[in-house]
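Residue numbers (the UniProt record's numbering): 1 to 595.
Everything below concerns the one structure shown next.
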């Protein structure tokens with residue numbers, strides 16, 4: 001049909017045609033962006049592979065030129081990213097087994113308490129020497145050692161978060177999964193991971209922030225007579241802090257802040273918006289976290305085609321095969337007689353006993369070798385370690401009290417107001433990720449001028465490194481409170497005190513305990529940096545277990561390192577057993593959501 005010329009020139013028709021062209025072309029632009037990201041990732045993998053599988057460089061000189069920062073930043077981001085993926089897989093597997101295996105639950109949680117209390121530098125000798133021995137002619141050995149060290153600073157709070165989330169799943173959801181005969185895989189994917197998503201996302205953010213905090217200790221350290229250095233932002237900042245080069249420190253911090261802001265916008269903001277749909281509530285909230293990038297990705301035609309043609313058919317095939325295997329297994333078990341069952345049970349019992357015997361032999365052998373090292377410790381050194389343990393204990397608890405005083409109200413405010421969260425989240429992410437050790441020279445010099453010293457400065461550094469565990473967990477807990485509970489409190493005109501007593505504190509309680517437990521372990525871990533610091537070719541230290549561990553690592557005194565680590569682990573486990581474990585049980589019983 002032909003329209004008159006005057007009709008075809010109507011401005012509204014031209015605007016409508018232009019908008020339709022943009023609407024048709026925008027998915028194409030988005031698909032090109034997705035393809036560009038894929039090509040960039042491929043190039044990054046090739047670049048890292050060429051570097052890691054090359055010959056190790058005996059002496060790496062860390063350049064303080066700003067031109068070296070892009071490459072250093074790329075290496076550090078790859079290390080932290082791989083350490084985080086490893087931490088995520090470990091946290092889900094460990095938390096799942098600990099939550100459902102009654103026989104080993106107490107042992108696994110005790111092991112988690114011990115592992116989170118062991119400082120990064122205590123893992124350092126064994127991890128680094130083992131990796132270098134495993135790949136003696138390749139750079140990947142040192143790189144894997146650094147990644148595993150970053151992993152030890154990231155993983156424990158994520159494992160605690162997933163474990164506590166599984167233990168607090170509402171009873172009606174568990175019963176529904178049993179009624180519909182979900183397999184273990186279906187229950188994990190469709191119930192446990194979605195229910196734990198909010199806590200796991202926010203703990204992932206603080207874990208990555210912890211990776212940045214310990215990056216300086218993991219990329220550049222001395223082990224006896226060997227000096228390990230890796231090109232990266234951590235080694236750049238440590239070199240700049242050690243030489244007192246404030247200009248280089250500022251360049252390094254600006255680069256790190258740029259990476260953190262980009263990570264927040266490209267990764268964490270879309271993930272938080274995506275995880276908001278897993279909130280357990282009967283009334284849908286009108287205030288939702290939004291992400292333009294997530295909206296664009298959800299409307300990408302290429303990603304939708306991949307989901308339709310690959311992800312969805314594959315998941316349906318997996319569920320079907322699991323259901324058929326479960327039916328065949330049930331039929332086979334019914335067909336077998338009691339004699340074969342008892343024989344198979346006998347073989348399984350024998351294999352289990354053999355594995356436990358092998359583990360027991362390995363533990364006894366390791367304990368015997370450790371006792372051989374402890375024989376070299378003098379009586380005066382025992383007394384010094386006990387004094388250091390008491391001093392560090394006081395600093396840890398003071399830092400926890402000071403951190404809780406502001407993080408709990410701030411976290412609730414951020415979690416209750418999405419508009420405030422959009423502003424405060426990237427700021428908190430930046431502040432949590434900036435290594436306090438890079439700012440510590442300025443802080444320490446200011447404290448010395450004010451009449452303080454490393455004793456007070458170490459408390460400030462512990463707070464800077466551990467308060468974010470509490471803040472991010474409280475934010476996750478406040479966001480997970482169902483909207484209907486908030487609306488009931490508003491409907492009945494609760495006062496502020498009533499709202500905190502009946503809605504907020506019970507709602508955030510499981511998350512708060514997880515944050516306090518991991519913050520406590522993080523404060524003990526941070527003592528290795530807070531109590532022993534290199535500044536302008538001189539070493540400042542104060543009385544404490546962290547200082548003794550750092551000094552023993554520098555001098556290669558493995559007997560002191562072992563004894564101080566054992567004392568620290570025993571103190572943390574004792575506190576967890578007497579304080580945190582009863583509070584965990586209270587969170588699982590009294591403050592568990594359910595209908």
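Even glycine gets a Cβ: it sits at the ideal position worked out from N, Cα and C.
Which first and last residues belong to the alpha helix (DSSP H) in which residue i is found?
i           : result
residue 165 : 140-167
residue 257 : 246-263
residue 466 : 454-480
residue 524 : 505-530
residue 416 : 379-416
residue 77  : 69-100
residue 565 : 558-575
residue 486 : 483-491
residue 555 : 545-555
residue 496 : 496-499
residue 202 : 193-213
residue 179 : 171-179
Going by C-alpha distance, which of the options is nearest residue i?
i           : options               : result
residue 194 : 211, 87, 505 and 169  : 169
residue 151 : 517, 87, 379 and 232  : 87
residue 568 : 134, 527, 532 and 588 : 527
residue 573 : 109, 82 and 315       : 109
residue 509 : 476, 116, 493 and 35  : 476
residue 96  : 47, 74 and 163        : 163
residue 400 : 358, 415 and 459      : 459
residue 212 : 83, 375 and 520       : 83
residue 243 : 143, 368, 539 and 512 : 539
residue 267 : 544, 491, 232 and 202 : 202
residue 396 : 358, 264, 208 and 519 : 519
residue 454 : 382, 216, 531 and 503 : 531
residue 80  : 353, 135, 215 and 410 : 215
residue 424 : 104, 544, 265 and 249 : 265
residue 321 : 185, 408, 254 and 255 : 185
residue 582 : 524, 106 and 353      : 106
Taking its Cβ as the centre, do 16 or more other Cβ atoms sit within 10 Å of residue i, making it buried, or is it exposed?
i           : result
residue 516 : buried
residue 465 : buried
residue 50  : exposed
residue 419 : exposed
residue 479 : buried
residue 514 : buried
residue 557 : buried
residue 130 : exposed
residue 390 : exposed
residue 180 : exposed
residue 258 : exposed
residue 200 : buried
residue 32  : exposed
residue 313 : exposed
residue 406 : exposed
residue 143 : buried
residue 371 : exposed
residue 75  : buried
residue 309 : exposed
residue 414 : buried
residue 70  : exposed
Does residue i get closer than 7 Å to chain B when you measure Cβ to Cβ?
i           : result
residue 505 : Among the chains in the structure shown there is no chain B, since it carries only a single protein chain.
Please list, in chain order, all residues of the same chain as residue i whose beta carbon is under 7 Å from its beta carbon, the five residues on each side excluded.
i           : result
residue 206 : 157, 432, 468, 469 and 472
residue 261 : 426 and 430
residue 402 : 463
residue 500 : none
residue 235 : 62, 219, 220 and 229
Which same chain residues, not among the five before or five after residue i, have their C-beta less than 6 Å away from its C-beta?
i           : result
residue 218 : 146, 149 and 150
residue 94  : 159
residue 166 : 99 and 192
residue 204 : none
residue 189 : none
residue 576 : 113
residue 161 : 199, 200, 203 and 514
Starting from the C-beta of residue i, find all residues in its chain whose C-beta is less than 8 Å away, skip the five residues before and the five after it, and write them out in chain order.
i           : result
residue 187 : 177
residue 377 : 559, 560 and 563
residue 398 : 459
Could you give the C-beta distance for residue i and residue j, rounded to a whole number, given that I count them as a contact under 8 Å?
i           : j           : result
residue 90  : residue 197 : That belief does not hold up - the Cβ atoms of residue 90 and residue 197 are roughly 17 Å apart, past 8 Å.
residue 596 : residue 392 : There is simply no residue 596 to check, as the chain begins at 1 and stops at 595 in what is shown.
residue 383 : residue 548 : Their Cβ separation, rounded to whole angstroms, is 12 Å, which puts residue 383 and residue 548 out of contact at 8 Å.
residue 552 : residue 541 : With 8 Å as the limit, residue 552 and residue 541 do not qualify as a contact, their Cβ atoms being about 12 Å apart.
residue 506 : residue 584 : Their Cβ separation, rounded to whole angstroms, is 15 Å, which puts residue 506 and residue 584 out of contact at 8 Å.
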